[in-house]
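Asker:
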Ligand SMILES: Cc1cc2nc3c(=O)[nH]c(=O)nc-3n(C[C@H](O)[C@H](O)[C@H](O)COP(=O)(O)OP(=O)(O)OC[C@H]3O[C@@H](n4cnc5c(N)ncnc54)[C@H](O)[C@@H]3O)c2cc1C
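As structure tokens, this is what we get:
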């Protein structure tokens, strides 16, 4: 019998398979994709370099990614593009720059296919069997082992293994089948399109840019980042929900927004999409012989570096479980410590992030007014999505007296944010 069956060859599943195999386990990974090292879902593919992000400080060099705190390395020889600026841009074009004074990168754009290829080769070298074109459908934990029903293009059949890792990504189908998602409600299914464009003008490279305001998008910021497709290319990430499709927002951006002139001669060279079910994080990501890792257990995403950390710790956890130790419990403790979304009161955390969400909080005129105040100031170089809004409001609150005098209605609107700051929440 197999020691370990894994659903999903994303960075979490591949890293778990490799680590468990190195520890002596007989491992099989199934994935519904036929072309394993090709990433078809939208992903901005940037490594976050903030010290301590997700309990780790990632270093990149000599053809590898070095996880300095978790203590492992991953081969990576693909293209890298440094991200030096994290810009927020207002409807009238006021630009707030979060960067380091010495312009060292805050993040690194990478080639996701190259990452998956390196992880796949590592797995195969360690003797892991990989079955592409094989979808996991259902299963059960039989106590001593786990049964999984899978389907390839010819037939449906059953697999058995002593342990199962679910690394199926954000949509949690098998996570629910095995009962781990019980009691968790889906809070929405945002749709994302990622357009890779060549031929744009006047939009900076080596940057991560967020355009705020209704003139760009009615309920989200538009995100623009580097691309590994070509030196000229940039990636535009645009969200939608329900019948408000990203494609319609992209057309408006291209033809009617303040960016229309910059996009006049641009052409689409690639387009990817995805739908992501939005669940809260699993506080206990295991039950019996089954462990859910990576995005399958997260609130939205662990991002690629987090997925590899999950895989590394999960692979080791399985080796311990097979030896009769409490590997899953240990994994769960690491999981709850490492990720910011694993907190004591997730509902309260969501409320705070809602209150400090720039797009949800401010009108276009208010965005212009506040961004204009911050232009030319040096702001923290943090890249991580939790820190950036906090750093923005910390910078804004330094102008509180001026805002009170010049714009009392906005000052009043900011009272919840002022209160969060006073309570030391950021
Ligand atoms: C718009 C967007 C932007 C992002 N930006 C970044 C970024 O800048 N940096 C970053 O690092 N990350 C980013 N991410 C997040 C990143 O893509 C994920 O966090 C990461 O891929 C999670 O890895 P994973 O291994 O958990 O899951 P995934 O990479 O999703 O892998 C899951 C695998 O499971 C397979 N699978 C699913 N169901 C089944 C089934 N039933 N049977 C068999 N196989 C199955 C899938 O085919 C897939 O191969 C972004 C994501 C999105 C949507």
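Numbering (the working numbering), first residue to last: 13 to 438.
For glycine and all other residues, C-beta sits at the position ideal for the given N, C-alpha and C.
So what's residue 135 in DSSP terms, helix, strand or just coil?
Answerer: Here residue 135 sits in helix by DSSP.
Asker: Looking at the secondary structure, which residues open and close the alpha helix (DSSP H) in which residue 434 lies?
Answerer: Looking at the DSSP string, the run of the alpha helix (DSSP H) that includes residue 434 is 427-434.
Asker: In this structure, what does DSSP give as the bridge partners for residue 153?
Answerer: Answer is 158.
Asker: When DSSP labels each residue in this structure, what does residue 70 get in the three-state scheme?
Answerer: Strand at residue 70.
Asker: Any heavy atom of ligand 1 inside 6 Å of the beta-carbon of residue 147?
Answerer: Flag set: Cβ of residue 147 near ligand 1.
Asker: Taking the continuous alpha helix (DSSP H) assigned at residue 317, which residues delimit it?
Answerer: Unbroken alpha helix (DSSP H) run through residue 317: 315-334.
Asker: Check whether the region 62-74 and the region 299-310 touch, using three or more Cβ-Cβ pairs below 8 Å as the test.
Answerer: Result no; under three Cβ-Cβ pairs closer than 8 Å.
Asker: Can at least three beta-carbon pairs, one atom from the region 380-389 and one from the region 249-268, be found at a separation below 8 Å?
Answerer: Not touching, per the Cβ criterion.
Asker: In chain order, what residues of the same chain have a beta carbon less than 7 Å from the beta carbon of residue 110, not counting five sequence neighbours either side?
Answerer: Same-chain partners within the cutoff: 98, 391, 392, 393, 394, 400, 403.
Asker: At what residue ranges does the region 182-244 contain a whole run of the beta strand (DSSP E), taking only runs of 3 or more?
Answerer: Runs found: 203-210, 219-223, 234-238.
Asker: Do residue 32 and residue 331 have their CB atoms nearer than 7 Å?
Answerer: Their beta carbons are under 7 Å apart, which means residue 32 touches residue 331 by this criterion.
Asker: Within the same chain, show all residues whose beta-carbon is closer than 6 Å to that of residue 222, passing over the 5 residues directly before and after it, in chain order.
Answerer: Contacts found: 100, 233, 235.
Asker: Out of 430, 265, 397, which one is the CA nearest neighbour of residue 413?
Answerer: Here the closest residue by C-alpha is 430.
Asker: Spatial neighbours of residue 81 within its chain, please: C-beta separation below 7 Å, excluding the five flanking residues on both sides.
Answerer: Only 67, 68, 69 meet the Cβ criterion.
Asker: Residue 132: which of 248, 292, 366, 51 sits nearest, CA to CA?
Answerer: That would be 51, whose Cα lies nearest to the Cα of residue 132.
Asker: Consider the C-beta atom of residue 45 and the heavy atoms of ligand 2; say whether any pair is separated by less than 6 Å.
Answerer: Of the ligands one can find in the structure shown, namely ligand 1, none is ligand 2.
Asker: DSSP has residue 170 in a bridge; who is on the other side?
Answerer: Beta-bridge pairing links residue 170 to 161.
Asker: Going by DSSP, which residues form a beta bridge with residue 285?
Answerer: Note: residue 285 sits in a beta bridge opposite 53, 205.
Asker: Using only the alpha-carbon positions, how far apart do residue 369 and residue 224 sit?
Answerer: Looking at the two C-alpha atoms, the distance is approximately 11 Å.
Asker: Which word fits residue 242, buried or exposed, when buried means at least 16 other C-beta atoms lie within 10 angstroms of its C-beta?
Answerer: Burial call: exposed.
Asker: Does the beta-carbon of residue 307, which I'm using as the reference point, lie nearer than 6 Å to any heavy atom of ligand 1?
Answerer: Yes; taking the cut-off as 6 Å, the Cβ of residue 307 has a heavy atom of ligand 1 nearer than that.
Asker: In terms of residue numbering, what span does the alpha helix (DSSP H) encompassing residue 372 cover?
Answerer: From DSSP, the alpha helix (DSSP H) with residue 372 extends over 370-373.
Asker: Would residue 160 count as contacting chain D if we go by Cβ distances under 7 Å?
Answerer: In the structure shown, chain D cannot be found, because there is only a single protein chain.
Asker: Can you pull the DSSP bridge partners for residue 143?
Answerer: According to DSSP, residue 143 bridges with 42.
Asker: When you compare only the Cα positions, how much space is there between residue 60 and residue 420?
Answerer: So the two alpha carbons sit approximately 37 Å from each other.
Asker: According to DSSP, is residue 121 helix, strand or coil?
Answerer: Correct three-state label for residue 121: strand.
Asker: Could you check if residue 269 belongs to the surroundings of ligand 1, using beta carbon to heavy atom distance under 6 Å?
Answerer: Checking the Cβ of residue 269 against ligand 1 gives no.
Asker: Specify the secondary structure class of residue 148 as computed by DSSP and reduced to three states.
Answerer: Three-state result, residue 148: strand.
Asker: What three-state label does DSSP hand residue 251 in the structure shown?
Answerer: Reduced to three states, the DSSP call for residue 251 is strand.
Asker: May I have a chain-ordered list of the beta strand (DSSP E) segments no shorter than 3 residues that lie completely inside the region 74-100?
Answerer: The qualifying runs are 76-79, 84-87, 92-95.
Asker: Here's a check: name, in chain order, each residue in its chain whose Cβ is nearer than 7 Å to the Cβ of residue 49, leaving out the five neighbours to either side.
Answerer: Correct list, in chain order: 125, 128, 129, 132.
Asker: Please report the distance separating the alpha-carbon of residue 277 from that of residue 213.
Answerer: Their backbone Cα atoms lie some 8 Å apart in a straight line.
Asker: With DSSP as the reference, label residue 16 as helix, strand or coil.
Answerer: In the structure shown, residue 16 sits in a strand (DSSP, three-state: E or B).
Asker: Name the DSSP bridge partner or partners of residue 376?
Answerer: None; residue 376 has no bridge partner.
Asker: State yes or no: is the C-beta of residue 210 within less than 7 Å of the C-beta of residue 93?
Answerer: No, they are not a contact pair.
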